[in-house]
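Asker:
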Amino acid sequence: MKMEQTLPVLMALAENRGIRVKIVPFKAHNGFWRVKDGVETIFLGEHLNMDPEKKAFIFAHELGHAVLHSDRKNFDMALYWENNMDNEYARSKESEANIFAKGLLLGSGIGMKFGA
Ligand SMILES: [Zn+2]
Numbered sequence: 000m001k002m003e004q005t006l007p008v009l010m011a012l013a014e015n016r017g018i019r020v021k022i023v024p025f026k027a028h029n030g031f032w033r034v035k036d037g038v039e040t041i042f043l044g045e046h047l048n049m050d051p052e053k054k055a056f057i058f059a060h061e062l063g064h065a066v067l068h069s070d071r072k073n074f075d076m077a078l079y080w081e082n083n084m085d086n087e088y089a090r091s092k093e094s095e096a097n098i099f100a101k102g103l104l105l106g107s108g109i110g111m112k113f114g115a
């Protein structure tokens with residue numbers, strides 16, 4: 000999909016899955032996906048509004064956690080470990096979410112810029 004379509008499409012995908020999306024001020028990270036009391040929420044850092052491409056990648060990455068890792072109920076630590084890849088388990092989950100995001104954003108040029 001084209002760059003300008005990405006955020007509206009990602010928002011529609013989240014809504015269709017019943018996932019809430021909240022924009023919040025973060026200091027240490029870009030976003031995370033949380034399941035708490037049966038409610039799924041994707042939190043995205045307010046600072047990402049300055050960088051729509053990065054915002055789209057983080058959004059798609061967190062959707063990846065929601066789609067791929069939804070067996071983990073009440074798991075609220077699915078953080079975007081941008082610089083925290085020191086744990087084998089976290090590394091594999093983060094890698095899966097990045098691969099999902101790159102696939103979802105294919106054609107936009109965004110997937111090539113972010114995520115290892
Ligand atoms: Zn992640």
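For the sequence shown, numbering that gives the first Met the number 0 assigns the number 0 to the initial residue and increments by one for each residue that follows. Ideal Cβ positions, reconstructed from N, Cα and C, are used throughout, including at glycine. Values in this document were obtained by computation on a predicted structure and should not be read as measured data.
Taking Cβ positions, are G63 and A89 nearer each other than 9 Å?
Answerer: Residue 63 sits at position 64 when you count from the first residue of the sequence shown. Residue 89 sits at position 90 when you count from the first residue of the sequence shown. Contact: no.
Asker: Using three-state DSSP, classify I57 as helix, strand or coil.
Answerer: The count along the sequence shown starts at 1 and reaches residue 57 at position 58. Correct three-state label for I57: helix.
Asker: Is it right to say G17 is buried, meaning 16 or more other beta carbons lie within 10 angstroms of its own, or is it exposed?
Answerer: Numbered from 1 along the sequence shown, position 18 holds the residue referred to as residue 17. Result: exposed.
Asker: Indicate, with yes or no, if ligand 1 has a heavy atom lying under 8 Å from the CB of E93.
Answerer: The sequence position of residue 93 within the sequence shown is 94, counting from 1. Indeed, a heavy atom of ligand 1 lies less than 8 Å from the Cβ.
Asker: Measuring CB to CB, does L9 end up less than 9 Å from F42?
Answerer: One-based indexing of the sequence shown puts residue 9 at position 10. One-based indexing of the sequence shown puts residue 42 at position 43. Contact flag unset, no.
Asker: What's the gap between the Cα of H60 and the Cα of K101?
Answerer: Taking the sequence shown and counting its residues from 1, the one referred to as residue 60 is at position 61. Taking the sequence shown and counting its residues from 1, the one referred to as residue 101 is at position 102. Roughly 8 Å separates the two Cα atoms.
Asker: Taking buried to mean at least 16 other C-beta atoms within 10 Å of its own C-beta, is N82 buried or exposed?
Answerer: Counting from 1 along the sequence shown, the entry for residue 82 is found at position 83. Below a pLDDT of 50, predicted positions are generally treated as unreliable, and N82, at 46, falls in that range; the measurement from the model is reported next regardless. With fewer than 16 other Cβ atoms within 10 Å, it is exposed.
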